[in-house]
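**Q** Under my numbering, read the sequence shown as residues 5 to 715, first letter to last. Backbone N, C-alpha and C fix where the C-beta goes; we use that ideal spot for every residue, glycine too. Small disclaimer: the values here were computed from a predicted structure and weren't measured. Encoded as structure tokens, here's the structure I'll be asking about.
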Amino acid sequence: MTAQEREQIWKLYERYGYRTAEMEEDYIIFVLENVMYPAVDILTFSEDSQRYLEKKSHYSEQGYGVRVTLYRGVSSVEDYLFQGFFRVKDVARQLEMNYERYAERQMKLYSRDKGEYRYIPIRYTVENNFQSVADANPLVDSIFRNMQGDHPVLIIIEAAAGFGKTSTAYELIHQYATRQPDVRPFFMELAKDRTARTFHYLLLSQIEQQFDILMKKDVVLHNIRQGRIPLIIDGFDELLSADLDNGGLDVDFKEVGTMLSTIAELLTDRSKVVLTTRKTAIFSGESFVDWYYDRVDSSIQFDIIRYQLAAPSLHDWLDARRRKAFGERHIGASIANPVLMGYLRYIDDQEYDEIIQNPYLLADKFFSFMLKREIERQDLPFSVTDQFRILRRLAALFGGYGISSDTRNEVRLSLLELNQQLIEQKAVTKDAESIANTLTNHALLDRKGNENIGFLNDFIFGTLYMHSVINDDEDMLDFYRETTYPYLEKAILAAEVADEADRWLFYDRLQMYCHLNDALRFWAGVKLKGSSLGSYSGVSFDASALYNPVERCCFAQGFGNSFSECSFSNFDFRHCHFNFEQIDGCTFINCRFEDCTRDGSTLLCEFYNCAELPAQHFIENAPETEQPQEYNEDMLRHDILKSFMKVNGHTRRMRMISKLRDDLAVKDAKFSFKKTFNSLCADGYIYCDGDKAFLTDEGQKQLNQLQTENG
Numbered sequence: 005m006t007a008q009e010r011e012q013i014w015k016l017y018e019r020y021g022y023r024t025a026e027m028e029e030d031y032i033i034f035v036l037e038n039v040m041y042p043a044v045d046i047l048t049f050s051e052d053s054q055r056y057l058e059k060k061s062h063y064s065e066q067g068y069g070v071r072v073t074l075y076r077g078v079s080s081v082e083d084y085l086f087q088g089f090f091r092v093k094d095v096a097r098q099l100e101m102n103y104e105r106y107a108e109r110q111m112k113l114y115s116r117d118k119g120e121y122r123y124i125p126i127r128y129t130v131e132n133n134f135q136s137v138a139d140a141n142p143l144v145d146s147i148f149r150n151m152q153g154d155h156p157v158l159i160i161i162e163a164a165a166g167f168g169k170t171s172t173a174y175e176l177i178h179q180y181a182t183r184q185p186d187v188r189p190f191f192m193e194l195a196k197d198r199t200a201r202t203f204h205y206l207l208l209s210q211i212e213q214q215f216d217i218l219m220k221k222d223v224v225l226h227n228i229r230q231g232r233i234p235l236i237i238d239g240f241d242e243l244l245s246a247d248l249d250n251g252g253l254d255v256d257f258k259e260v261g262t263m264l265s266t267i268a269e270l271l272t273d274r275s276k277v278v279l280t281t282r283k284t285a286i287f288s289g290e291s292f293v294d295w296y297y298d299r300v301d302s303s304i305q306f307d308i309i310r311y312q313l314a315a316p317s318l319h320d321w322l323d324a325r326r327r328k329a330f331g332e333r334h335i336g337a338s339i340a341n342p343v344l345m346g347y348l349r350y351i352d353d354q355e356y357d358e359i360i361q362n363p364y365l366l367a368d369k370f371f372s373f374m375l376k377r378e379i380e381r382q383d384l385p386f387s388v389t390d391q392f393r394i395l396r397r398l399a400a401l402f403g404g405y406g407i408s409s410d411t412r413n414e415v416r417l418s419l420l421e422l423n424q425q426l427i428e429q430k431a432v433t434k435d436a437e438s439i440a441n442t443l444t445n446h447a448l449l450d451r452k453g454n455e456n457i458g459f460l461n462d463f464i465f466g467t468l469y470m471h472s473v474i475n476d477d478e479d480m481l482d483f484y485r486e487t488t489y490p491y492l493e494k495a496i497l498a499a500e501v502a503d504e505a506d507r508w509l510f511y512d513r514l515q516m517y518c519h520l521n522d523a524l525r526f527w528a529g530v531k532l533k534g535s536s537l538g539s540y541s542g543v544s545f546d547a548s549a550l551y552n553p554v555e556r557c558c559f560a561q562g563f564g565n566s567f568s569e570c571s572f573s574n575f576d577f578r579h580c581h582f583n584f585e586q587i588d589g590c591t592f593i594n595c596r597f598e599d600c601t602r603d604g605s606t607l608l609c610e611f612y613n614c615a616e617l618p619a620q621h622f623i624e625n626a627p628e629t630e631q632p633q634e635y636n637e638d639m640l641r642h643d644i645l646k647s648f649m650k651v652n653g654h655t656r657r658m659r660m661i662s663k664l665r666d667d668l669a670v671k672d673a674k675f676s677f678k679k680t681f682n683s684l685c686a687d688g689y690i691y692c693d694g695d696k697a698f699l700t701d702e703g704q705k706q707l708n709q710l711q712t713e714n715g
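Set out below in structure tokens:
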């Protein structure tokens, strides 16, 4: 054994609280004191040597628990200490129990046994360091594989509210418990813990809660960095303040940067960190890319792998017979919700046949099923209508206060205050306090850590909030006015599955009662009325699939509806109609047009890296313009690629496509910018994410080559 190895071993034991008692040529004795069960570790370097036996007897007589270990390398010592102190096998069993409880909660919705729970694979796209990559593996397998290497990795899982982020996080924990039991995952559910306002202190608080009280936080953080403790953070967006996450593309990055800096401190050695978050502009923004490049360029090497989850599909959730029975009687992407998909998957055939006759009854059937069952399960003295009223008012309160959960006592008091007359009327065999307490155990509510209570999921909250607004509960108007972007967004997405009368009424009431920014106005029109309503100028819209097989979704149709100098990024337009006579100077980036129609010409708009199916000439090509000799295509390719480098000439940066186009226009290059830019994208030198564009590794090589050729 070398002197260096001895020093490494000494530091390892010291990290776990041991002191070195004796160091001999063929053994070292480490003592752990100031604990309930004092222990001694004798690390011997020779199978033949017995010189430590006397010491073993001595410490045993002193009341120490003594263990003798044959040295097989520094890594084996660290594994031994980690396995012992972190009780990895016991934790794996505990994680499996937590997974089973989660499965039980999901199946309880449908009165099914937890053994019937199945994780439905979710379709996704993935980027590695901002470059799109192909991956045919199921989602969880893909994530798990990306967490196996020796390189530090930050994995971001983004999806719309209610599209499977938490179930994916639990499934990842399940994979670790069953496939890699020698690690100890650290699972943080931020929606269930808001005990601290900053991520740094929340991390330390969770370490104290989840790890042995005698375990130093430094030991936990060390093992996170070493990859022995994968850190899985569910609901990162829960920490975003209302002004930070207001639906716009331009956000103040300072607060997010502070959170990410705490995470970046962990991204060394072999660490693996996973964040789940609902779709935000933050991880597509220039500030986030600069944040990453600044660290990479300062020799802090880690990868960012970003998964974006697609909406669930009938094909994944229903068997062939039910899909065939559903046929064309569906309402497009609006039922793309795991709650409703699960209901369609598990209900009996008779109820299924009733629903497919009128799919707009789906949500009503689901809530009726749940509320009828609660009457029997908890002996509630309320009808289905009464329960719905009680819970929708609670949803309005949560939205108004901008909270996802509250203490059990506060929820009980809120239920009493909001529904005092109704509860007191029913207080015959039970008093009002007992009834309110029983309501906190409702199946549509759920415990959210630290015994807090919140709604079971975003779809249930959103639907109840919508019904509160359309039922015009006058005493709740102040709550509607105070509801912020994230909660209104959940309600709009949930309302998409409602029947036409409710959707249209909800749209009208939103305009009357709620504060809507441009993004919410746009989505309210498209999702609730199937048409963009109102005029928009200089607004950026990002990432969505729009499809209604029955009636085309319309853009800028009718008087007073228009778009000017707006950008649409990462849209999947299917069966849509555009009135380009009222769409002027807009930019479409990374968009897909399938079976779309139009009025007017597209020549006043710009299209970058877009596709259309079938090839129907939806996007018109501008006539070729002769290039000036003094500014040829090679020069333009060079200038475009060079614009992605900072002034220092070796640090990459992100560029906004619309801004880049205008910058190069001063060189009379605008006439061919689109053609050249799209060519660079097709060659793999530039990667686009909405209006954001990045220089790939291949693009940097190409730039270096062009600069060499040009001297």
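Helix, strand or coil, according to DSSP, for I623 in the structure here?
**A** Three-state DSSP puts I623 in coil, outside helix and strand.
**Q** Using CA coordinates, which residue listed in T601, R659 and K663 is at the minimum distance from E691?
**A** First, the residue type needs correcting, since residue 691 is Tyr and not Glu in the sequence shown. It is R659 whose Cα lies nearest to the Cα of Y691.
**Q** Closest to E51 by CA distance: which of Y31, V44, R377 and E65 is it?
**A** Residue Y31 is the option with its Cα nearest to E51.
**Q** Among Y174, Y41 and V81, which one has its Cα closest to the Cα of E104?
**A** Cα-wise, what sits closest to E104 is Y174.
**Q** Which of the three DSSP states is assigned to D666 in this structure?
**A** Helix, per DSSP.
**Q** Tell me the DSSP bridge mates of E26?
**A** According to DSSP, E26 bridges with I33.
**Q** Helix, strand or coil for D249 per DSSP?
**A** The pLDDT assigned to D249 is 44, lower than 50, so where the model puts this residue is not dependable; a value taken from the coordinates is nonetheless given after this. In the structure shown, D249 sits in coil (DSSP, three-state: anything other than H, G, I, E or B).
**Q** Provide the residue span of the beta strand (DSSP E) that contains E616, from first to last.
**A** A615 to L617 is the span of the beta strand (DSSP E), which, as asked, contains E616.
**Q** Where do the N-terminal and C-terminal ends of the alpha helix (DSSP H) with Y489 fall, by residue?
**A** Segment Y489 to A499, the alpha helix (DSSP H) holding Y489.
**Q** Note down, one range per segment and in chain order, each beta strand (DSSP E) of at least 3 residues found wholly within the segment 52 to 128.
**A** The segment 52 to 128 contains these whole beta strand (DSSP E) runs: 69 to 74.
**Q** Just to check my reading of the structure: I33 and I13 have Cβ atoms closer than 8 Å, yes? What is that Cβ distance to the nearest angstrom?
**A** Not confirmed; about 12 Å, so no contact.
**Q** Since R325 is in the alpha helix (DSSP H), which residue starts that stretch and which ends it?
**A** From DSSP, the alpha helix (DSSP H) with R325 extends over A324 to F330.
**Q** For chain D, check one thing: does any of its Cβ atoms lie closer than 8 Å to the Cβ of D477?
**A** Of the chains in the structure shown, none is chain D; there is only one protein chain.
**Q** Going by the beta-carbon positions, is the gap between R149 and V187 smaller than 8 Å?
**A** Contact: no.
**Q** Under 8 Å, with one C-beta from each stretch per pair, do the segment 144 to 163 and the segment 309 to 327 reach the 3-pair mark?
**A** Contact between the segment 144 to 163 and the segment 309 to 327 is present, because at least three Cβ pairs lie under 8 Å.
**Q** Using CA coordinates, which residue listed in L448, Q429 and L395 is at the minimum distance from M470?
**A** Here the closest residue by C-alpha is L395.
**Q** Taking the CB atoms as reference points, tell me whether C590 and C609 lie closer together than 8 Å.
**A** Contact flag set, yes.
**Q** Tell me which residue opens and which closes the alpha helix (DSSP H) that S171 is part of.
**A** From DSSP, the alpha helix (DSSP H) with S171 extends over K169 to R183.
**Q** If we count Cβ pairs, one from each stretch, closer than 8 Å, do we get three or more for the segment 300 to 309 versus the segment 117 to 127?
**A** Taking 8 Å as the limit for Cβ pairs, the verdict is that the segment 117 to 127 does not touch the segment 300 to 309.
**Q** Are Y612 and I644 close, meaning C-beta to C-beta below 8 Å?
**A** It is not a contact, given that the beta carbons lie outside the stated cut-off.
**Q** Grab the span of the beta strand (DSSP E) containing E610 for me, first residue to last.
**A** It spans E610 to Y612 - the beta strand (DSSP E) in which E610 sits, taken as one unbroken run.
**Q** Could you have a look at N132 and say whether DSSP puts it in helix, strand or coil?
**A** Of the three classes helix, strand and coil, the one that applies to N132 here is strand, per DSSP.
**Q** Evaluate T262 with the Cβ neighbour count: other Cβ atoms within 10 Å of its Cβ, from every protein chain shown; 16 or more gives buried, anything less gives exposed.
**A** It counts as exposed.
**Q** Between the C-alpha atoms of A329 and Y484, what's the straight-line distance to the nearest angstrom?
**A** So the alpha carbons of these two residues sit roughly 40 Å apart.
**Q** If the criterion is Cβ atoms closer than 8 Å, does the pair I439 and P385 meet it?
**A** Going by C-beta atoms, I439 is nearer than 8 Å to P385.
**Q** Using a Cβ-Cβ cutoff of less than 7 Å, which residues in the same chain neighbour E421 once the five nearest sequence positions on both sides are dropped?
**A** Around E421: no qualifying Cβ.
**Q** Out of curiosity, what's the CA-to-CA distance linking C685 and H621?
**A** C685 and H621: Cα-Cα distance of roughly 21 Å.
**Q** With V39 as the anchor, note down where its beta strand (DSSP E) starts and where it stops.
**A** No beta strand (DSSP E) holds V39; DSSP gives it neither H nor E.
**Q** Who are the near neighbours of G252 in its chain, counting only those whose CB is closer than 6 Å to its CB and skipping five residues on each side?
**A** Low confidence applies here, because G252 scores a pLDDT of 44, under 50, leaving its location unreliable; read the following figure in that light. Nothing listed; no residue qualifies.
**Q** Quick one: what does DSSP say I236 is sitting in, helix, strand or coil?
**A** DSSP places I236 in strand when its eight states are reduced to three.
**Q** In this structure, what does DSSP give as the bridge partners for M660?
**A** Looking at the DSSP assignment, M660 forms a beta bridge with K696.
**Q** Tell me the DSSP secondary structure of C590 in three-state form.
**A** C590: coil per DSSP, three-state reduction.
**Q** Taking 8 Å as the cut-off, does the segment 536 to 554 touch the segment 566 to 586 (at least 3 CB pairs, one atom from each stretch)?
**A** Touching, per the Cβ criterion.
**Q** Report yes if the CB atom of A181 is closer than 8 Å to the CB atom of A96, and no otherwise.
**A** The answer is yes: Cβ separation under 8 Å.
**Q** Inspect the beta-carbon positions of Y68 and R657 and report whether they are closer than 8 Å.
**A** No. Outside cutoff.
**Q** Considering only residues of the segment 284 to 317, which uninterrupted alpha helix (DSSP H) runs meet the minimum length of 4 residues and lie entirely inside it, listed in chain order?
**A** Listed in chain order, they are 290 to 301.
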